[in-house]
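Beneath this line is the structure, given in C-alpha cells, with notes to follow.
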Amino acid sequence: MRKTTFCLLVIAVAAVCGCSGHPAGNTAGVAVLFADDPHVFDPAVLYRGTVVGRLLSRQWGNGVTRLYIAPETPYADLIATNMAIVVKAGRMHLVTLGGVGEPVPADAGICGFVNTFSYRWFKFKHLINSVTMAANRRAMRLQHRSGLAG
C-alpha cells in the first residue's frame, strides 16, 4: 500500500512540476537600448494601438538603460532589426525604421528613443544612409558602452 501511494505521489509531483511545457516565443526577451533613462509608466509595448509585448526588466549601466521586452505569441515575429521603440507619454511604441528586418539575435538589441523628438532627429540625421543600419550600429554601441552582460 505504501509503495503504491509513494509511486502515485511521485507521478503526481512529476506531472505538476516537471512536465509543464515551456511558453512559446523568446522567454529571455528582446533588449531595447536607450541612451538616457526612459520614463516608462505602462509595461505594455504598443504597435499601431495593439499590445504586442510586455516589459520584463530594466537594467542600467554607464548611462545606458536596457529594457527587456517579451513579445506576445502572435506578434513574436514582428520585433525585428528594422524596428525601434519610442517612448510617448510613458508608453513604449514599436515603430518601423524602414525596409525589411531580420530576427533580432540573442546577444543584440534594438534601439530605443526616450521621446519622439530624439527619434525624428535620428531619422533626419540618417536620411542619406540606411536608417536601419544606423539604428543597429547605435544599438551595438550602446550595448558595448553599457558594460552589462548581454
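Positions -24 to -1, 1 to 126 (mature numbering (1 follows the signal peptide of the UniProt record, and there is no 0)) are the ones given, in order, by the sequence shown. Every residue, glycine too, gets a C-beta built ideally from N, C-alpha and C.
Q. Exposed or buried, R114, counting other C-beta atoms within 10 Å across all chains shown (16 or more means buried)?
A. buried
Q. When you compare each of Y44, A110, K64 and K99 to G5 by their alpha carbons, which one comes out closest?
A. Y44
Q) Of the choices A111, I55, G37 and T49, whose alpha-carbon is the least far from that of M89? A) Note that residue 89 is Phe in the sequence shown here, rather than Met. If we check each option's Cα against that of F89, A111 comes out closest.
Q) Which one of T41, L54, V80 and A11 has the shortest CA to CA distance from V28? A) L54
Q | Run of the alpha helix (DSSP H) containing Y95, from where it starts to where it stops | A | T92 to K101
Q. Where does A(-1) land, buried or exposed, given buried means 16+ other C-beta within 10 angstroms?
A. In this prediction, A(-1) scores a pLDDT of 40, lower than 50, which makes its location untrustworthy; no coordinate-derived value is stated.
Q: Note the first and the last residue of the continuous beta strand (DSSP E) segment covering S106.
A: No beta strand (DSSP E) contains S106, which DSSP labels as neither H nor E.
(Q) What does the alpha-carbon distance come out to for the pair R117 and F98? (A) 15 Å
(Q) Quick check on the DSSP output: what are the complete beta strand (DSSP E) runs of length 3 or more inside the stretch 18 to 42, in order along the chain? (A) 20 to 23 and 26 to 37
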